[in-house]
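Engineer: My structure is below; once you've seen it, I'll send some questions.
2 protein chains.
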Amino acid sequence: MMQDKQYLMIPGPTPVPPSVVAAMSRPMIGHRSEDFAALHRRIQEKIRQVFQTKEDVFILTNSGTGGLETAIANVVSPGDRVLALITGNFGERFTKIARAYGAEVDEVSFGWGKDVDLSVVREKLAGNPGYKAVLATQNETSTGVLNDIAGIGALVAETPALLLVDGVSGVGGIEIRMDEWHVDILVTASQKAMMLPPGLAMIGVSSRAWEVIEKNRAPRFYFSLPAARKSLEKWNTAYTPNVALFQGLDAALDMMMNEGMENVYARHRLLARAVRAAVRALGLEPLAADHCASPTVTAVRSPEGLGADDIRKVLKEELGITFAGGQGILKGKIFRIAHMGFAGKMDVILGIGGLEMALARLGYPVELGAGVRAAQEVFLGRNE
Amino acid sequence: MMQDKQYLMIPGPTPVPPSVVAAMSRPMIGHRSEDFAALHRRIQEKIRQVFQTKEDVFILTNSGTGGLETAIANVVSPGDRVLALITGNFGERFTKIARAYGAEVDEVSFGWGKDVDLSVVREKLAGNPGYKAVLATQNETSTGVLNDIAGIGALVAETPALLLVDGVSGVGGIEIRMDEWHVDILVTASQKAMMLPPGLAMIGVSSRAWEVIEKNRAPRFYFSLPAARKSLEKWNTAYTPNVALFQGLDAALDMMMNEGMENVYARHRLLARAVRAAVRALGLEPLAADHCASPTVTAVRSPEGLGADDIRKVLKEELGITFAGGQGILKGKIFRIAHMGFAGKMDVILGIGGLEMALARLGYPVELGAGVRAAQEVFLGRNE
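Here the protein sequences come in this chain order: G and H.
Plus 511 on top of the position in the first sequence (first one is 1) and you've got the working numbering.
Plus 511 on top of the position in the second sequence (first one is 1) and you've got the working numbering.
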């Protein structure tokens, strides 16, 4: 196996398209130059379409967790009550950040592999009117579960609480309508459906959120949204931005605009349907139920008697394919196949074809080609 | 379909590995510098192992046809008799070049899809003792046929004629032993099994060939091998070389040395076996018989009533996969799948998975997954 022949199918970092690599390889420009201002302005016009917002979207030089901390640091003051809707590892991380800023967090865990139950949210909001914020995850990367942000948003909008959404592994690949769905702060990061290397977080902020942010007294400097807003007025950034990633983001957004966001979303849904049909044809079962299946990543339960990490090891060492493993309580029990960002039909065929070989190599009674056929049938529209 | 998502499966140019792209992206160096001399020396040591020769191998800045013309221009004088062993389009091209230099060419065509018949060569050589050179093609790219260069070499070595071999789509992916097999001039090019973009030809020259080259009176300047040899003594080139491709060649040769040439050859043979098993499982037939099947490219007859170029069009437009079409008399009748250079198992799975979908889309009664399964069985060692 050639070392250079690698297929990265993890939920971030995801493969970077050649045209984005080319844009990132362009000469450096000064971040206080007119060239940078023009670049920043182009990005802003396009990323608002991805977020479906009329508000500013700030491009911050840190990874997704830095983006989530930015949301918390600007909203939460010590002693504030926060409702956390948890469906896996990243819901738990959002909660930890809120606690680090002194929030009194009311945690509701829906179980790993399950989505947020809106009736529970309704009950919580009715019984506790004092929430400063509600934390939700659009796409729970650790379980491949998609939560109903529109539904959560409609409930939270009836209260004074702000809705803070972790959209890290969803935005750019899964539909989100920040304004229409009443999302007050929406965070995403570069290395997932946005098709870039890691290093940028993007954060959209509603006018309702700004009222809270301006009054907030928590310590913040690098993560200051008011500083970011002041700089954006001149198409600037408060601190030195990752210029190469801005150049790449401009190109990645061009690709999205050319494809059309509705087509981008439909592509991800199609890939998820194909992966789910394929693993079922091999006798395996996706962790998430169909009604809450993530369009960008599919978690699959390892078959009885076979360790998920053994499958991943064969895939990586013999075929150069990398699937993600399970996190937390799911470690060793699931593997996760990403179809996120720069992903197409042939990635699914390749990934499933590899999975079949790995299962066969490990002695699992697999019908070779059966998973590929199921995916092909989805792509050919034969199973509808 | 995303424009950036492309799978190039043609017999040159072939995909370029990331480490080779990185090497080509290094800063330019002067071609009369010590850095270049060191680079040239490193390349020379490695490429002799690929050619299996103790002789000099010249790296020339032109494409494969320029390399073939270099061979002819330095050997053939007007009126010289030449025996051309033709098995397809590239055998014909070699012949045309010889004619352009005034050779009287004795053409023997074995038919498109067939290999060179050694008994015919033996007969020809016995009956015509005056050949200055014999022209042969190692791997006929247009038909996916591998010729027996060892066998041809043993026959030609018993005569005063030089054996000139077009190894363009073979060298680096298919075993060749220049010295042991009595090849006097061996030509290849960068964009095939050597894993580089087009732009370089490589040419190895035997001591027997040098005796003829030194006496040759045909006009030559850029293509002068004596000029190339004089420059190589100082690890130089006669004229400005493509420096970036030299940097890339250094990296590509490192990849080959790391994998080991025997492993490189075994990999190509394995991929060819898998492709042939796969297309047969779909009811299609390779053009070349098993005994002369090319390890680097497989030509496949289009099924009855289906145009090869219609299949290629669906593959390209709907899935981003490019197969090559037929050339000359085979235009529209075959398609050609390359598994050449930077190619691995998953490329075969992907290409066959795509072929199945294209055939289905065109109404051909294909069992989805059957070709993929046949390839998987080859890779898993289940069909031996």
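All C-beta atoms in this analysis are idealised placements derived from N, C-alpha and C, irrespective of residue type, glycine included.
Examine the Cβ distances between the region 638–649 of chain G and the region 668–680 of chain G and report whether three or more of them are shorter than 8 Å.
Structural biologist: By the Cβ criterion, the region 638–649 of chain G is in contact with the region 668–680 of chain G, since at least three pairs of Cβ atoms, one from each stretch, lie closer than 8 Å.
Engineer: Could you pull the DSSP bridge partners for H:Leu675 from this structure?
Structural biologist: Residue 675 of chain H sits at position 164 when you count from the first residue of the second sequence. Answer is H:Leu646 and H:Ile696, bridged to H:Leu675.
Engineer: Touch check for the region 786–803 of chain G and the region 571–589 of chain G: three-plus C-beta pairs under 8 Å?
Structural biologist: Two segments are said to touch when three or more pairs of C-beta atoms, one from each, lie closer than 8 Å; by this definition the region 786–803 of chain G does not touch the region 571–589 of chain G.
Engineer: When you compare only the Cα positions, how much space is there between G:Leu830 and H:Ala637?
Structural biologist: Within the first sequence, residue 830 of chain G is the residue found at index 319, counting from 1. Within the second sequence, residue 637 of chain H is the residue found at index 126, counting from 1. Near 51 Å, if we compare the C-alpha coordinates of H:Ala637 and G:Leu830.
Engineer: If you follow the beta strand (DSSP E) that H:Gly715 is part of, which residue opens it and which one closes it?
Structural biologist: Translated into the one-based positions of the second sequence, residue 715 of chain H becomes position 204. Counting along the chain, the unbroken beta strand (DSSP E) around H:Gly715 starts and ends at Ala712 to Val716.
Engineer: Please decide whether G:Gln514 counts as near chain H, where near means a Cβ-Cβ distance under 9 Å.
Structural biologist: The residue given as residue 514 of chain G occupies position 3 in the first sequence. Yes, its Cβ sits closer than 9 Å to a Cβ of chain H.
Engineer: Which residues in the same chain as H:Ala665 place their Cβ atom closer than 8 Å to its Cβ, once the five residues preceding and following it in sequence are excluded?
Structural biologist: Taking the first residue of the second sequence as 1, we reach residue 665 of chain H at position 154. Cβ neighbours of H:Ala665 beyond the five flanking positions: Trp692 and His693.
Engineer: As a quick exercise: from G:Ile685, G:Gly662 and G:Gly862, pick the residue whose alpha carbon is nearest that of G:Glu651.
Structural biologist: For this step, residue 651 of chain G is matched to residue 140 along the first sequence. Considering only alpha carbons, the answer is G:Ile685.
Engineer: Between H:His542 and H:Gly852, what straight-line distance do the alpha-carbon atoms span, to the nearest angstrom?
Structural biologist: For the purposes of this step, residue 542 of chain H is taken as residue 31 along the second sequence, with counting starting at 1. For the purposes of this step, residue 852 of chain H is taken as residue 341 along the second sequence, with counting starting at 1. Distance between the alpha carbons of H:His542 and H:Gly852 is about 27 Å.
Engineer: Buried or exposed: H:Gly815, going by 16 or more other Cβ atoms within 10 Å of its Cβ?
Structural biologist: As a working note, residue 815 of chain H is residue 304 in the second sequence. The sequence as given places Glu at residue 815 of chain H; Gly does not occur at that position. H:Glu815 should be labelled exposed.
Engineer: Here's a check: name, in chain order, each residue in its chain whose Cβ is nearer than 6 Å to the Cβ of G:Ser620, leaving out the five neighbours to either side.
Structural biologist: Working through the first sequence from its first residue, we reach residue 620 of chain G at position 109. Around G:Ser620: Ile597.
Engineer: Buried or exposed for G:Asn894, going by 16 or more other Cβ atoms inside 10 Å?
Structural biologist: The residue you call residue 894 of chain G lines up with position 383 of the first sequence. When all chains shown are included, G:Asn894 counts as exposed.
Engineer: For H:His779 and H:Thr807, what's the separation of their Cα atoms in angstroms?
Structural biologist: Taking the second sequence and counting its residues from 1, one reaches residue 779 of chain H at position 268. Taking the second sequence and counting its residues from 1, one reaches residue 807 of chain H at position 296. Roughly 6 Å separates the two Cα atoms.
Engineer: Mind checking H:Lys842: buried by the 16 CB within 10 Å criterion, or exposed?
Structural biologist: Numbered from 1 along the second sequence, position 331 holds the residue referred to as residue 842 of chain H. It is exposed - the Cβ of H:Lys842 has fewer than 16 other Cβ atoms within 10 Å.
Engineer: Can you give the Cα-Cα distance for H:Glu773 and H:Gly862, rounded to whole angstroms?
Structural biologist: On the second sequence, position 262 is the one that residue 773 of chain H refers to. On the second sequence, position 351 is the one that residue 862 of chain H refers to. Roughly 25 Å between the two C-alpha positions.
Engineer: Report all residues from its chain with a CB closer than 8 Å to the CB of G:Thr833; omit the five preceding and five following residues, and keep chain order.
Structural biologist: Counting from 1 along the first sequence, the entry for residue 833 of chain G is found at position 322. Counting only Cβ-Cβ distances below 8 Å, and skipping sequence neighbours, we find Gln517, Tyr518, Leu519, Met520, Ile521, Arg823, Leu826 and Lys827.
Engineer: Please classify H:Asp801 as buried or exposed, where buried requires at least 16 other C-beta atoms within 10 Å of its C-beta.
Structural biologist: For the purposes of this step, residue 801 of chain H is identified with residue 290 of the second sequence, where counting begins at 1. Label assigned to H:Asp801: exposed.
Engineer: By Cβ distance below 7 Å, which residues in the same chain neighbour H:Ser805 in space, the five residues on each side in sequence not counted?
Structural biologist: Looking up residue 805 of chain H in the second sequence gives position 294. Asn650, Gly655, Val656, Leu657, Ala783 and Ala799, listed in sequence order.
Engineer: So, is the C-beta of G:Lys703 closer than 9 Å to a C-beta in chain H?
Structural biologist: For the purposes of this step, residue 703 of chain G is taken as residue 192 along the first sequence, with counting starting at 1. Interface with chain H (9 Å Cβ-Cβ cutoff): G:Lys703 is excluded.
Engineer: Taking a cut of 9 Å between CB atoms, which residues from the region 871–887 of chain G lie near chain H?
Structural biologist: Ala871, Arg872, Glu878, Leu879, Gly880, Ala881, Gly882, Val883, Arg884, Ala885, Ala886 and Gln887
Engineer: Using the Cβ count rule (16 or more neighbours within 10 Å means buried), how would you classify G:Ile845?
Structural biologist: Counted from its first residue, the first sequence places residue 845 of chain G at position 334. Classification of G:Ile845: buried, given that the 10 Å Cβ count is 16 or more.
Engineer: Mind checking who G:Ala749 pairs with in its DSSP beta bridge?
Structural biologist: For the purposes of this step, residue 749 of chain G is taken as the residue at position 238 of the first sequence. None; G:Ala749 has no bridge partner.
Engineer: Alpha carbon to alpha carbon, what distance is there between H:Val561 and H:Gly683?
Structural biologist: For the purposes of this step, residue 683 of chain H is identified with residue 172 of the second sequence, where counting begins at 1. For the purposes of this step, residue 561 of chain H is identified with residue 50 of the second sequence, where counting begins at 1. The straight-line gap from Cα to Cα measures roughly 6 Å.
Engineer: Could you work out which residues of chain H lie near G:Tyr518, taking near to mean beta carbons separated by less than 7 Å?
Structural biologist: Here residue 518 of chain G refers to the residue found at position 7 of the first sequence. Within chain H, the residues near G:Tyr518 are Met857.
Engineer: Does the CB of H:Ile597 have a neighbour CB from chain G at under 9 Å?
Structural biologist: In the second sequence, counting from the first residue as 1, residue 597 of chain H sits at position 86. Taking Cβ atoms only, chain G never reaches closer than 9 Å to H:Ile597, which makes this a no.
Engineer: Going by the CB atoms, is the gap between H:Val527 and H:Asp797 shorter than 9 Å?
Structural biologist: Translated into positions along the second sequence, residue 797 of chain H becomes position 286. Translated into positions along the second sequence, residue 527 of chain H becomes position 16. The displayed chain sequence assigns Pro, not Asp, to residue 797 of chain H. In this structure, H:Val527 does not lie closer than 9 Å to H:Pro797 by Cβ.
Engineer: Can you give me the start and stop residues for the alpha helix (DSSP H) that G:Met767 sits inside?
Structural biologist: Translated into positions along the first sequence, residue 767 of chain G becomes position 256. Element bounds for G:Met767: Val754 to Glu770.
Engineer: Check this for me: beta carbons of G:Gln758 and G:Ala534, under 9 Å apart or not?
Structural biologist: The residue given as residue 758 of chain G occupies position 247 in the first sequence. The residue given as residue 534 of chain G occupies position 23 in the first sequence. The beta carbons of G:Gln758 and G:Ala534 sit closer together than 9 Å.
Engineer: Between H:Val627, H:Val679, H:Gln838 and H:Val811, which lies nearest to H:Ser574 when the distance is taken from Cα to Cα?
Structural biologist: Indexing the second sequence from 1 puts residue 574 of chain H at position 63. Checked all of H:Val627, H:Val679, H:Gln838 and H:Val811; the closest Cα to H:Ser574 is H:Val679.
Engineer: I need the straight-line Cα distance from G:Cys803 to G:Arg812, nearest angstrom please.
Structural biologist: Counting from 1 along the first sequence, the entry for residue 803 of chain G is found at position 292. Counting from 1 along the first sequence, the entry for residue 812 of chain G is found at position 301. Going by the C-alpha atoms only, they are around 16 Å apart.
Engineer: Using a C-beta to C-beta distance shorter than 7 Å, which residues of chain H count as neighbours of G:Ile822?
Structural biologist: Start at 1 with the first residue of the first sequence, and residue 822 of chain G comes out as number 311. Within chain H, no residue has its beta carbon less than 7 Å from that of G:Ile822; the closest one is some 15 Å off.
Engineer: In the DSSP assignment, what residue or residues form a beta bridge with H:Tyr518?
Structural biologist: As a position in the second sequence, residue 518 of chain H is number 7, starting the count at 1. DSSP output for H:Tyr518 lists H:Ile832 as bridge partner(s).
Engineer: Can you give me the C-alpha to C-alpha distance between G:Ala738 and G:Pro752, rounded to a whole angstrom?
Structural biologist: The residue given as residue 738 of chain G occupies position 227 in the first sequence. The residue given as residue 752 of chain G occupies position 241 in the first sequence. Computed Cα separation, rounded: 14 Å.
Engineer: Answer with buried or exposed for G:Lys856, where buried requires no fewer than 16 other C-beta atoms within 10 angstroms of its C-beta.
Structural biologist: Translated into positions along the first sequence, residue 856 of chain G becomes position 345. Result: buried.
Engineer: Rounded C-beta distance between G:Ala614 and G:Phe605? I'm assuming under 8 Å.
Structural biologist: Start at 1 with the first residue of the first sequence, and residue 614 of chain G comes out as number 103. Start at 1 with the first residue of the first sequence, and residue 605 of chain G comes out as number 94. Not confirmed; about 11 Å, so no contact.
Engineer: Taking C-beta pairs closer than 7 Å, name the residues in chain H that G:Phe890 reaches, listed in chain order.
Structural biologist: If you number the first sequence from 1, residue 890 of chain G lands on position 379. In chain order: Met868.
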